[in-house]
Amino acid sequence: MKVETVLPFGKLDPGLRAARDAIDLSKFFNQCELVEALGYNALSVTETKLDPFVQLALGAQATNSVELHTAVAIAFPRSPTVTAQAAWTLQALSGGRLNLGLGTQVKGHIQRRFGMEWFAAGPWIREYVLAVRELWRCWQEGDQPSHHGDRYDISLMVPLFDPGPIEHPAIPITLAAVKPYMCEVAGEVADGVRPHPICTPKYISSVMVPAIERGCHKANRESKNINISVAPLVATAANDQLLAARIEEVRARVAFYASTPAYRPAFAINGLEDLCLELSILSRKQNWDEMPDRITDEILYEYACVGTYDEIGQVI
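Written as C-alpha cells, this is what we have:
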C-alpha cells in the first residue's frame, strides 16, 4: 500500500458553496518539500481551479523521490498530443516519477464549460489512452505515430516537434471511474483506477473490481497489476466544534454528487435513486441551498469518513 496526499494544503472543496479562502499557490513549492520530508509515497493534484501539469512542474523541482500524480487531469478538452507532451515533459523533469491520472468529466461540463462536442465517454477515453501511448512510443523509438481511430487520426511527427526519447518512458496511466464500463476500460488499457470519492468500499468491491477484472481478461492482463487509488470524502478537524463546519462542507459535496446523473450508480447500490432524482431537480432549478439538507447523517456517514484528528485515522 502507498499513501498519498492532495496538494495544495488548505484546498477545501465546499461542494455547492463558494470556498471561504483563495488558494495560495506561492506556498506550493514548500508544501511539496514537506510532503516528501514527512515520508508520503506520492503527492497528487486535482484539476478544479488550477492546472495540474503546472502544479506538478513545481512539485518535480521541489522533490526528489515522491511520486507525482494528476488526480485527475481532464482528458477530453486536450488533444492526446497535448496531454502526451505535457506528461512526457513532466516525466523527464521528475526523473520518472509521474503517474498520469486522467478523467473524462461529465457531459454538461464538456459541452458547456469547455465548449466541446460530447461523445460516449468509455470508448472515447479508451481510444484516448491508446493514442497517448502511441505518441510516447513514436517519441521513444524515433518512429512516426500510427493511430487511426473513431475520434483521432494521428500520423505525423517531424523533428522540430519530436521531444525524443527519455530515460523513463513507461508512464503509468490511471483512469478515474465510477461506472462498470469505465472500470472495464481501465482494466483493458490502463495501469490503475481512481474511484470517485463518492464510491464506497461496498461499491468498489461489488461493482468496480469485477468490472476491472473483466477488462483485464479481455486484454489478457493480470488484474493484480491494476492499482486502485482511493481518496474518500473526509470531514476532520481538531475538535468537535470545528468538525461541525467540516461536516456541513462534506454534506454539501455529497448532495452535489448525488445530483449528478453520472454518479448515480454509487447511490443506487444503497437504494437512493429517488434522492438522486430529487437533488437533480433542485440543481436544475439552482436551488443549491436546499440540497445539503436532503443528506441525512446516516447517508453522510455512509459516504464520508468523519472524525476528529484523533479519530479519523481509525475511521479511514
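Position one of the sequence shown corresponds to residue 620 (the numbering used here), numbered consecutively onward. Beta carbons are placed, not taken as given, at the ideal position from N, Cα and C, and that holds for glycine.
Discussion item. For a test of the three-state rule: what should DSSP assign to glycine 926, helix, strand or coil?
Written reply: DSSP places glycine 926 in strand when its eight states are reduced to three.
Worksheet item: Thinking just about the alpha-carbon of each residue, which of Thr927, Leu677, Thr723 and Asp893 is nearest to the one in glutamine 860?
Response: In terms of CA proximity to glutamine 860, Thr927 leads the group Thr927, Leu677, Thr723 and Asp893.
Worksheet item: Closest by CA to glutamine 759, which one among Phe672, Ala740, Val691 and His787?
Response: Closest option to glutamine 759, Cα to Cα, is His787.
Discussion item. With the cut-off set at 8 Å, would you say alanine 838 and glutamate 807 are in Cβ contact?
Written reply: Yes; because the gap between Cβ atoms is below 8 Å, this pair is in contact.
Worksheet item: Skipping 5 residues on each side, what residues in its chain have a beta carbon closer than 8 Å to that of valine 878?
Response: The sequence shown places serine at residue 878, rather than the valine named in the question. Closer than 8 Å at Cβ, skipping near neighbours: Cys895, Leu898, Ser899, Leu901, Ser902 and Met910.
Worksheet item: With a Cβ-Cβ cutoff of 8 Å, do proline 671 and methionine 735 count as a contact?
Response: No, the pair does not count as a contact, with Cβ atoms beyond the cut-off.
Item to complete: For the beta strand (DSSP E) containing leucine 950, list its first residue and its last residue.
Response: Here the chain comprises residues numbered 620 to 935, so residue 950 is not present and cannot be evaluated.
Worksheet item: Is the CB-CB distance between threonine 723 and alanine 740 below 8 Å?
Response: Yes, the Cβ-Cβ distance between threonine 723 and alanine 740 is below 8 Å.
Discussion item. Please report the distance separating the alpha-carbon of threonine 682 from that of cysteine 651.
Written reply: So the two alpha carbons sit approximately 7 Å from each other.
Worksheet entry | Identity of the residues DSSP links to alanine 692 by a beta bridge | According to DSSP, which records beta bridges pairwise, alanine 692 is partnered with Leu721.
Item to complete: Would you kindly report the start and end of the unbroken beta strand (DSSP E) that includes serine 663?
Response: Its beta strand (DSSP E) spans residues 661-664.
Worksheet item: Can you tell me where the beta strand (DSSP E) with valine 796 in it begins and where it stops?
Response: The residue you asked about is not valine; residue 796 is alanine in the sequence shown. In this chain, the beta strand (DSSP E) harbouring alanine 796 covers 792-796.
Worksheet item: Under 8 Å, do serine 663 and alanine 692 count as touching if we go by C-beta distance?
Response: Their beta carbons are not under 8 Å apart, which means serine 663 does not touch alanine 692 by this criterion.
Practice prompt. Output the distance between the C-alpha atoms of tyrosine 922 and valine 654, rounded to the nearest integer angstrom.
Written response: The C-alpha of valine 654 is placed about 27 Å away from the C-alpha of tyrosine 922.
Fill in: Rounded distance between the beta-carbons of leucine 721 and alanine 795, thought under 8 Å
So it is a contact: roughly 7 Å between Cβ atoms.
Item to complete: Following the continuous beta strand (DSSP E) through glutamate 786, name the residue where it begins and the one where it ends.
Response: Counting along the chain, glutamate 786 sits inside no beta strand (DSSP E), nor does DSSP assign it H or E at all.
Discussion item. Bridge partners for asparagine 846 per DSSP, in chain order?
Written reply: DSSP lists Gly811 as partners of asparagine 846.
Worksheet item: Applying the criterion that 16 or more other CB atoms from any shown protein chain within 10 Å of the CB defines a buried residue, is glycine 727 buried or exposed?
Response: The residue is exposed, with fewer than 16 neighbouring Cβ atoms inside 10 Å.
Practice prompt. Give the DSSP-derived three-state secondary structure of valine 622 in the structure shown.
Written response: Here valine 622 sits in coil by DSSP.
Discussion item. Which residues does DSSP list as the beta-bridge partners of phenylalanine 853?
Written reply: Per the sequence shown, the amino acid found at residue 853 is valine instead of phenylalanine. Valine 853 is bridged by DSSP to Cys924.
Worksheet item: Which residue or residues does DSSP assign as beta-bridge partners of isoleucine 773?
Response: DSSP output for isoleucine 773 lists His766 as bridge partner(s).
Practice prompt. Please classify glycine 811: is it buried, with 16 or more other beta-carbons within 10 angstroms of its beta-carbon, or exposed?
Written response: Glycine 811 comes out buried.
Worksheet item: By the 10 Å Cβ neighbour count, where 16 or more other Cβ atoms means buried, how is methionine 596 classified, buried or exposed?
Response: Residue 596 lies beyond the stretch modelled for the chain, which goes from 620 to 935, so this question has no answer here.
Item to complete: Could you spell out the range, first to last residue, of the alpha helix (DSSP H) harbouring lysine 837?
Response: Its alpha helix (DSSP H) spans residues 828-837.
Fill in: Range covered by the alpha helix (DSSP H) that runs through serine 902
That run of the alpha helix (DSSP H) goes 892-903.
Practice prompt. Using three-state DSSP, classify glutamate 917 as helix, strand or coil.
Written response: Looking at glutamate 917 - three-state DSSP - the assignment turns out to be helix.
Worksheet item: So what's glutamate 753 in DSSP terms, helix, strand or just coil?
Response: Three-state DSSP puts glutamate 753 in a helix.
Item to complete: Report all residues from its chain with a CB closer than 6 Å to the CB of valine 725; omit the five preceding and five following residues, and keep chain order.
Response: So the list reads Ala881, once near-sequence residues are dropped.
Fill in: Delimiting residues of the alpha helix (DSSP H) encompassing leucine 653
From DSSP, the alpha helix (DSSP H) with leucine 653 extends over 647-656.
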